[in-house]
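Counting from 1, position 99 in the sequence shown corresponds to residue 99 in the numbering used here; the numbering is continuous, with no gaps.
The beta-carbon is built from N, C-alpha and C at its ideal position, and this holds for glycine as well.
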Amino acid sequence: MRASILAATLLLTSALGAQGAPRALCAAPPRDTTHPARNAVLHVPTHGVQVQGLALLAAGAGRHPTLVFLRGLPGNEQGHDLAQVLAYVRESANARTLRVDTSRIVVGGHSMGGWAAARAR
């Protein structure tokens, strides 16, 4: 039994290894100098205060699918990063600036941010 499992595992892994890794895993795509990937610091207004955020913007023209990621406690160095950010990224001016496809937004998180993500609408 063990020998047959070992033989099947070796056969499967050697067949997968022979295919090689996809190029996207081994090399970066060409740099888009017109619309490069970049970071953008956000100041999200919520309940009369500005909450710091960070957007990691994909390269390429047009709007992109977006992941809103909520961190757990204690969060970043300010500890204020559990905010209602969906309304912010859905707002037309912000969506245009951040190139967000508002029909393709996913919310995720970890720790307390995971709980908040599960409650998001």
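If we call anything under 8 Å between Cβ atoms a contact, is residue i one with residue j?
| i | j | result |
| --- | --- | --- |
| L42 | L54 | yes |
| A117 | L70 | yes |
Give me whichever residues DSSP pairs with residue i in a beta bridge.
| i | result |
| --- | --- |
| L86 | Answer is none; L86 lacks a bridge partner. |
| T66 | I105 |
| H43 | Q52 |
Taking the alpha carbon of residue i as the reference point, which residue from the options has its own alpha carbon closest?
| i | options | result |
| --- | --- | --- |
| L135 | Q52, G60, V100 and R121 | Nothing about residue 135 can be read from this structure; the chain reaches only from 1 to 121. |
| L98 | G108, H110 and V85 | V85 |
| S103 | V51, M112, R90 and G109 | R90 |
| A28 | R119, V106 and A59 | A59 |
| V106 | S92, M112 and R121 | R121 |
Using only the alpha-carbon positions, how far apart do residue i and residue j sit?
| i | j | result |
| --- | --- | --- |
| Y88 | P36 | 22 Å |
| P65 | A95 | 11 Å |
| G62 | V49 | 31 Å |
| G114 | G108 | 6 Å |
| T46 | I5 | 56 Å |
| R119 | R38 | 29 Å |
| A40 | T34 | 16 Å |
| G72 | V44 | 18 Å |
| C26 | H110 | 28 Å |
| R23 | P30 | 12 Å |
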